[in-house]
Each structure stands twice: as C-alpha cells, then as structure tokens.
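K.L.:
Attaching a single structure in structure tokens format; questions to follow.
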Amino acid sequence: MLADNIFLKIIDKKIPAKLAHEDEHCLAFHDINPQAPVHVLIIPKKVIPTHADLTDTDQALVGHLHLVARKLAAELGLGDGYRLVINCGDRGGQTVPHLHMHLLGGRDLHWPPG
Ligand code: 5GP
Numbered sequence: 208m209l210a211d212n213i214f215l216k217i218i219d220k221k222i223p224a225k226l227a228h229e230d231e232h233c234l235a236f237h238d239i240n241p242q243a244p245v246h247v248l249i250i251p252k253k254v255i256p257t258h259a260d261l262t263d264t265d266q267a268l269v270g271h272l273h274l275v276a277r278k279l280a281a282e283l284g285l286g287d288g289y290r291l292v293i294n295c296g297d298r299g300g301q302t303v304p305h306l307h308m309h310l311l312g313g314r315d316l317h318w319p320p321g
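Next comes the structure, spelled out in structure tokens:
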C-alpha cells in the first residue's frame with residue numbers, strides 16, 4: 208500500500224498533477240478536489256506515511272516544507288492569510304498514506320473546521 212499510493216505515483220510522474228513547486232526534497236501540486244480557491248498539497252519525496260511517523264531526523268525536512276508553504280502562499284496571492292493543515296491518521300481525516308500539508312487560501316476560513 209505504501210509503495211503504490213497515489214502521491215508516490217505523482218512524485219514518480221506516473222500520473223499527472225498540476226505542479227506548483229518541485230525541488231530535491233519535496234513536491235507541491237494543486238489538489239484535485241479543491242476546498243478553497245487556492246488548495247495546494249506540499250509533500251516530501253521521502254516516504255513518510257503520517258505526521259506521527261516523523262522522527263528527529265526529519266527536523267530539517269519539516270522546516271523546509273513550511274518554508275515552501277510560505278513561499279507558495281506569497282506566490283499564489285495569499286498575503287491576506289492562509290491555513291496549513293496536516294491530517295493524521297483515520298480519525299484525523301487522512302485519506303492518502305503519504306505525509307502532506309494542505310495550503311488553503313483565497314477565501315475566509317472559519318474555525319473550528321469540520
Ligand atoms: P487527506 O484527506 O489525506 O488529508 O488529503 C488528501 C488530499 O489529496 C485530498 O484533498 C484529495 O482531494 C487529494 N487527492 C487525492 N488524490 C489526488 C490526486 O490524484 N491528485 C491530486 N492533485 N490530489 C489528490
């Protein structure tokens with residue numbers, strides 16, 4: 208399951224995605240079912256199934272994902288605010304077993320989320 212999840216196929220360019228950013232450590236692409244005018248997913252290329260699987264060795268990678276999110280927010284016109292979301296596990300609403308950060312913006316985002 209981990210070896211063939213949909214995000215690994217996007218990393219390997221086996222299925223298409225509308226890319227927003229790529230570097231040696233991560234990939235960002237527009238969500239196929241956007242929940243806001245801007246909805247981008249930022250994912251590590253390293254296989255990490257969930258947020259709960261992060262270890263101390265991932266410290267720099269986690270920081271990098273956040274800095275890419277900040278860069279994309281600026282590039283995509285989210286100067287008036289945005290939201291970063293990481294769903295973790297079944298009860299956290301995670302549906303794809305590859306760590307990903309949602310970058311959402313372009314509309315008012317209310318709290319608490321559903
Ligand atoms: P999760 O619910 O796991 O936090 O988020 C998974 C996200 O991946 C969902 O927002 C869903 O719309 C998105 N998604 C699932 N399959 C694909 C796909 O094949 N391409 C793209 N671009 N997004 C996908």
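Number 282 in the numbering used here belongs to position 75 of the sequence shown; there are no gaps in the numbering. The beta-carbon is built from N, C-alpha and C at its ideal position, and this holds for glycine as well. This one's a predicted model, so the numbers in the text were calculated from it and none came from an experiment.
#1: Output yes or no for whether 8 Å exceeds the beta carbon distance between H305 and L226.
#2: Could you have a look at M308 and say whether DSSP puts it in helix, strand or coil?
#3: Pick helix, strand or coil for V275, following the three-state DSSP scheme.
#4: With distances taken from CA atoms, which of D263, P256, K278 and H273 is nearest V292?
#5: Tell me whether the beta-carbon of I213 lies closer than 8 Å to the beta-carbon of L310.
#6: Measuring alpha carbon to alpha carbon, tell me which residue in W318, G312 and K220 is nearest A281.
#7: Under 7 Å: does the beta carbon of D238 sit that close to some heavy atom of ligand 1?
#8: The alpha helix (DSSP H) with I255 in it runs from where to where?
#9: Alpha carbon to alpha carbon, what distance is there between R298 and E380?
P.N.:
Quick look at the numbers:
#1: no
#2: strand
#3: helix
#4: H273
#5: no
#6: Comparing Cα-Cα distances from A281 to each of W318, G312 and K220, the minimum goes to G312.
#7: yes
#8: Element bounds for I255: n/a, residue is neither H nor E.
#9: One cannot answer for residue 380 here, as it falls past the ends of the chain, which runs 208 to 321.
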